[in-house]
Amino acid sequence: MKRSPGRAGAAGGAGSPGGLYAAPSLFWLTVFFLAPLAIIVAYSFLTPGPRGGVEWKPTLDAYRAIANPSFARVTLNTIVVAIGATAVTMLIAVPCGYYMARSSRQTLLLMLVMIPFWTNFLIRIYAWIAILGNEGFLNDLLIATGLARQSVRFLYNRGAVMLVLVYTYLPYAILPLYSTIDKFDFSLLEAARDLGASKLGAINKVLLPNIKGGILTAFLFTFIPIFGAYAVPLLVGGTDSYMLGNLIADELTKSRDWPLASAISLVITLVTTMGVLLLLRANGTSVLGGSGDGEKPVPEASSAAAYGAQAIGGSR
Amino acid sequence: MQIALSVKNVTKRFGDFVAVDDVSLSVEDGKFFSILGPSGCGKTTLLRMIAGFYEQSGGTIELRGQDMTDVEPNKRPVNLVFQNLALFPMMNVYENIAFGLRRRGEKSPAIAKKVNGLLERVGLPGAGKKTIDQLSGGQRQRIAIARCLVLDPTVLLLDEPLGALDAKLREHMKVELKKLQAQVGTTFVYITHDQSEAMVMSDAVAVMNAGRFEQIGTPQELYHNPASSFVAQFVGNNNKLRAVMHKDERGGFFARYGNGMDFKVDGAFDLSGGDAYDLFVRPESLVINPVEAKQELNVMPAAVKAILFDGGNSRLLVTPDGFADELVVALPQTKQFDHIRAGDRVRIGWDASKSVCFKRADWKIYDDE
């Protein structure tokens, strides 16, 4: 990730050459992001067709359906899983990133973090099923060593979903943290100690504020995709880990209620976007190119916001 | 005078490598003390032990008589100006200076008074709101020092803080640091590999090489009476001639150069451990065309190789007849020697009392830290 000065709103002047350079990405965003979003917005206000699709009769039925308590339960479940999995991911990723940045074998460690990407996402989920299943590797081992008399049910519950989600999104959290911590000047910690800060005080007052951008990016890179998770709860989850992503898919493919699916998607998008904006604002980052008075803009965070927006649009 | 800092027989080992080897020093309150040595000589290690970032393998470090062993860096009454300054980039100038006071839990009005007072003292009043990247190199320097001085340390440690500045600014900051130190009266311990910085600013200098102190003294003492061949070479400029020391029948000592020429030297020398010596004579001790052939003068004809004009610091590069070495000779800009051109022949001479001789020592300057 290249550190470019945060000037998202600078190239907005009409007739400037910036407009020309921005044309391809403008085209890209219009066709692949804004247009689908517009379709979702439109569909959410229409009547469901008998076998999927929509009929062009405007109605607010989809939004009324959202008021149903079962929707709230799934939302709550999703929030619990997303917060839990993100918290665990961050707790592992911060020490990992710190260790990698301090290590003399950075290239090797970077390789190790990236190697999982060489295997398809779904295959890796099935690999976990092969490990955790009733006749899986782990149970075979437990029975062979006498630690368990019959196989333990690891799969199809919230724990399994959290585990696989943490596993999947850990690299996305480690990499931005590593790149931020790697740039951190560790003599600042010594300076803080020298000026009277305790070990913990030096970390709180000097290290954390300096790697804030990386922490924020790592958080967004993990929380947003986990919030929209679909494949993981579908394959390793049970009834207690049914998430919004699954609800949308079921409305779309089983109930064939496309407007409802669209409405849920929109609500998620709005809530997540607002959450991200609030978070960025709380961190003193100017998001929409406003004049960032006071603190310096955090470049990683702005790019994360852009990434976040796309991640919401293209839910996995 | 109270002793601010006292280092007694301090040693630091990293595995088999001895970085600091049985070093002792004491600095009186209010003095400017420098530790001068080539890079890798152990001076940074020594400084970090005083600051508390390394634990010594042996010996004790005392501040105003208090043993500092087992005292955490944040509890020691010393502050360190880092080589790269280590100013906090996410804080403005005011917050950088206030950092230490806040850690002590001082009240805001008291902090404001101290920070603003110190900003004024370092010549940057009203700069509190500026961010670190809005400051010039020299200004950052002053903020880094202010950040430490605001805590009123017993000793302020400075780790080559002028290293990153360009030559002109460095000259300026030397004088400024010296003035600041005199004004605030805090004890400064300054480490550097630049002998000119050490000489200009210090009340006393310790010359360090390969983990040991070669000599501690005032800049004048180091310059005029070096205690070792290393000091003679490292402090100021010196011409070095490899010679063989011998004694004549009347008990006078002579240094014989490779071409068989004998130079009179002052003092008595120990020839028991071999007679290989190095003779040092400073450029300004070499006289061009000495008028009267005094008894103590070593005079020889020489050819001028080049004129190294540098204003008041101009020198001649000459090769005396039969010499393998070139000698650097001070060239006073008094118009007296303006006629000299490269290729001319001159006589050069030096007073035996102005040269020093040391047994040849194969010290080497460690270059990798």
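Heads up: the sequence lines are chains A and B, in that order.
Residue numbers for the first sequence, in our numbering: 1090 to 1405.
Residue numbers for the second sequence, in our numbering: 5 to 373.
The beta-carbon is built from N, C-alpha and C at its ideal position, and this holds for glycine as well.
Three-state secondary structure (DSSP) of residue i
i                       : result
residue 91 of chain B   : coil
residue 1351 of chain A : helix
residue 230 of chain B  : coil
residue 336 of chain B  : coil
residue 1251 of chain A : helix
residue 15 of chain B   : strand
residue 1376 of chain A : For residue 1376 of chain A, the predicted model reports a pLDDT of 46, less than 50, meaning its position is unreliable and no value from the coordinates is stated.
residue 45 of chain B   : coil
residue 294 of chain B  : coil
residue 125 of chain B  : helix
residue 1300 of chain A : coil
residue 1384 of chain A : Per-residue confidence for residue 1384 of chain A stands at a pLDDT of 39, beneath the threshold of 50, marking its modelled position as unreliable; the derived number appears in the next sentence. Three-state DSSP puts residue 1384 of chain A in coil, outside helix and strand.
residue 1237 of chain A : coil
residue 10 of chain B   : strand
Residue of the options minimising C-alpha distance to residue i
i                       : options                           : result
residue 1348 of chain A : A:1119, A:1147 and A:1135         : A:1135
residue 267 of chain B  : B:22, B:361, B:130 and B:108      : B:361
residue 231 of chain B  : B:210, B:180 and B:355            : B:210
residue 98 of chain B   : B:58, B:147, B:74 and B:265       : B:147
residue 359 of chain B  : B:227, B:54 and B:8               : B:227
residue 184 of chain B  : B:160, B:195, B:169 and B:363     : B:160
residue 255 of chain B  : B:247, B:271 and B:326            : B:271
residue 1185 of chain A : A:1202, A:1175, A:1176 and A:1174 : A:1202
residue 1142 of chain A : A:1276, A:1350, A:1368 and A:1359 : A:1350
residue 1358 of chain A : A:1369, A:1243, A:1342 and A:1333 : A:1333
residue 1281 of chain A : B:282, B:67 and B:91              : B:91
residue 1321 of chain A : A:1207, A:1211 and A:1183         : A:1211
residue 138 of chain B  : B:95, B:116, B:151 and B:170      : B:95
residue 247 of chain B  : B:258, B:70, B:11 and B:202       : B:258
residue 1341 of chain A : A:1319, A:1263 and A:1365         : A:1319
residue 1278 of chain A : B:88, B:240, B:149 and B:33       : B:88
residue 1207 of chain A : A:1311, A:1287, A:1257 and A:1271 : A:1257
residue 176 of chain B  : B:49, B:189 and B:141             : B:141
residue 1165 of chain A : A:1331, A:1240, A:1314 and A:1232 : A:1331
Residue i at chain A interface by Cβ criterion, 9 Å
i                      : result
residue 90 of chain B  : yes
residue 94 of chain B  : yes
residue 346 of chain B : no
residue 82 of chain B  : yes
residue 300 of chain B : no
residue 189 of chain B : no
residue 155 of chain B : yes
N-terminal and C-terminal residue of the beta strand (DSSP E) that residue i is part of
i                       : result
residue 106 of chain B  : Careful: residue 106 of chain B lies outside any beta strand (DSSP E), inside the alpha helix (DSSP H) at 97–107.
residue 39 of chain B   : 36–40
residue 1335 of chain A : Premise fails: residue 1335 of chain A lies in the alpha helix (DSSP H), 1333–1342, not in any beta strand (DSSP E).
residue 346 of chain B  : It is not in any beta strand (DSSP E) - residue 346 of chain B carries neither H nor E in the DSSP assignment.
residue 210 of chain B  : 208–213
residue 266 of chain B  : 266–268
residue 197 of chain B  : Unbroken run through residue 197 of chain B: none, as it is neither H nor E.
residue 306 of chain B  : 301–312
residue 63 of chain B   : 62–67
7 Å CB neighbourhood of residue i in its chain, flanking five on each side removed
i                       : result
residue 154 of chain B  : 101, 104, 105, 118, 119 and 122
residue 357 of chain B  : 270 and 300
residue 1132 of chain A : 1143, 1347, 1348 and 1351
residue 1259 of chain A : 1178, 1181 and 1182
residue 1329 of chain A : 1246 and 1247
Start-to-end residues for the alpha helix (DSSP H) that takes in residue i
i                       : result
residue 1167 of chain A : 1158–1191
residue 136 of chain B  : Run containing residue 136 of chain B: none; DSSP gives neither H nor E here.
residue 1279 of chain A : 1276–1283
residue 81 of chain B   : That residue, residue 81 of chain B, is in no alpha helix (DSSP H); it is neither H nor E in DSSP.
is_contact[residue i, chain B] using C-beta, thresh 9 Å
i                       : result
residue 1276 of chain A : yes
residue 1284 of chain A : yes
residue 1295 of chain A : yes
residue 1298 of chain A : yes
residue 1340 of chain A : no
residue 1287 of chain A : yes
residue 1266 of chain A : no
residue 1381 of chain A : Any reading at residue 1381 of chain A must be qualified, since the residue scores a pLDDT of 37, below 50, and its modelled position is unreliable; no value is offered.
residue 1279 of chain A : yes
Other residues of its chain near residue i: CB distance less than 8 Å, five sequence neighbours each side excluded
i                       : result
residue 344 of chain B  : 292, 308, 311, 320, 335 and 350
residue 143 of chain B  : 128 and 131
residue 1408 of chain A : Because chain A here runs from 1090 to 1405, residue 1408 of chain A falls outside it and cannot be looked at.
Neighbourhood of residue i by C-beta, 6 Å cutoff - its chain only, sequence neighbours within 5 removed
i                      : result
residue 304 of chain B : 324
Any non-hydrogen atom of the ligand MN closer than 8 Å to residue i Cβ
i                      : result
residue 133 of chain B : The ligand MN is absent from the structure shown, which contains no ligand whatsoever.
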